[in-house]
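Numbering (the working numbering), first residue to last: 16 to 350.
Yeah, the Cβ is synthetic: ideal placement off N, Cα and C, and Gly gets one too.
Worksheet for the structure shown next.
Here's what the structure looks like:
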């Protein structure tokens, strides 16, 4: 067999959608590993790609899949950590031909780890984006003291739940936001100390009440758009809001009264995990931190919302577009 089924989209715009195509099975080059994909996880960045609202550029038709898991079936030169038959997980790497949405994938060796023992394919495929995304802001860029308040918006998605777990691991108190009353109990069960609705007219007052009038040290925001103005009103003195998504925006624009920031000596920070993983030292440091925490049971297994077969990839993304999910949406490829 020289070709494989892959998940792709072939044009950019509001009407773009995912379908199944074919592509050659790639051969691994130096420092690369090929694995037969067992499953891959969906991420909101995939939807931004289809709309032309992501800074990563790729030639059409564009393959998808930032993270996944599978079994090694070929290795390139200079590989030292993995061999044929090893089960692996793959960190996100969008800079190059490193997509996981198909029957086979190639990854650089640094972007692979062992498949956690006893984890399902769905769990192993969704490990990395949800924990690496908050790791850099929480642990390296804007570290906080134990007991500090951290807010996580749209917290019921995979990265939201992972951010709650990472914040709690590092000693924070967490305010999680949602627009659905049905998700309040779930967010509390995942460790959120306070759960609030961004749609409430009392949202800012409720945040200030929860934080004894001090506001939050750090906001992990995936909404952007018109929500930024309100969210910045909840920042503490010298607080930081980092934006890594645009679920609440149609145009990637941010509108915020400048005085919201000046009064609080606060800042906005544009953030992308892909940028952090360009640096090998940062990549290995973050990878090892998360892996050790997972192995020790200090970070929980990912919460899986629903699993779809590869041929139903379009329905999987429809589920993501609906906003009804809690946790990660997975595409299963191989048994």
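Please report the distance separating the alpha-carbon of residue i from that of residue j.
i	j	result
residue 191	residue 42	44 Å
residue 291	residue 153	13 Å
residue 167	residue 17	44 Å
residue 330	residue 198	22 Å
residue 25	residue 77	6 Å
residue 137	residue 345	6 Å
residue 116	residue 224	45 Å
residue 102	residue 217	49 Å
residue 339	residue 37	31 Å
residue 145	residue 62	17 Å
residue 208	residue 189	5 Å
residue 326	residue 104	22 Å
residue 126	residue 112	13 Å
residue 253	residue 315	31 Å
residue 297	residue 148	13 Å
residue 260	residue 141	18 Å
residue 341	residue 235	18 Å
residue 179	residue 322	23 Å
residue 39	residue 286	33 Å
residue 256	residue 99	44 Å
residue 108	residue 124	11 Å
residue 161	residue 300	21 Å
residue 303	residue 106	12 Å
residue 150	residue 194	25 Å
Use the C-beta contact count for residue i: other C-beta atoms within 10 angstroms, 16 or more gives buried, fewer gives exposed.
i	result
residue 348	buried
residue 205	buried
residue 184	buried
residue 96	exposed
residue 313	exposed
residue 110	exposed
residue 278	exposed
residue 34	exposed
residue 83	buried
residue 228	exposed
residue 293	exposed
residue 85	buried
residue 163	buried
residue 317	buried
residue 220	exposed
Considering residue i, what are the terminal residues of the alpha helix (DSSP H) in which it resides?
i	result
residue 130	Note, residue 130: premise wrong, no alpha helix (DSSP H); not H, not E.
residue 281	Where residue 281 is concerned, there is no enclosing alpha helix (DSSP H), given that its DSSP letter is neither H nor E.
residue 217	From DSSP, residue 217 is part of no alpha helix (DSSP H); its letter is neither H nor E.
residue 177	173 to 184
residue 137	136 to 140
residue 15	Residue numbering for the chain in the displayed model covers 16 to 350; residue 15 lies beyond these limits and cannot be assessed.
residue 328	328 to 337
residue 203	199 to 204
Could you please give me the residues that DSSP links to residue i through a beta bridge?
i	result
residue 49	89, 121
residue 191	167, 210
residue 256	234, 283
residue 240	269
residue 39	18
residue 82	56
residue 24	77
residue 342	172
residue 106	DSSP lists no partner for residue 106.
residue 33	According to DSSP, residue 33 bridges with nothing at all.
residue 324	347
residue 319	343
residue 250	231
Let me see if you follow: with CB-CB separation under 7 Å, is residue i close to chain C or not?
i	result
residue 97	Protein chain content of the structure displayed is limited to a single chain, and chain C is not contained in it.
Can you tell me where the beta strand (DSSP E) holding residue i begins and where it ends?
i	result
residue 303	Counting along the chain, residue 303 falls outside any beta strand (DSSP E), though it belongs to the alpha helix (DSSP H) covering 295 to 310.
Are the region 319 to 338 and the region 47 to 67 touching, with three or more C-beta to C-beta distances below 8 Å?
yes
Between the region 85 to 99 and the region 164 to 178, do at least 3 Cβ pairs fall closer than 8 Å?
no
Would the region 116 to 132 and the region 34 to 51 be scored as touching if the rule is three or more Cβ pairs under 8 Å?
yes
Is it the case that the region 227 to 241 contacts the region 263 to 272, given that we only count it when at least three CB pairs across the two stretches are under 8 Å?
yes
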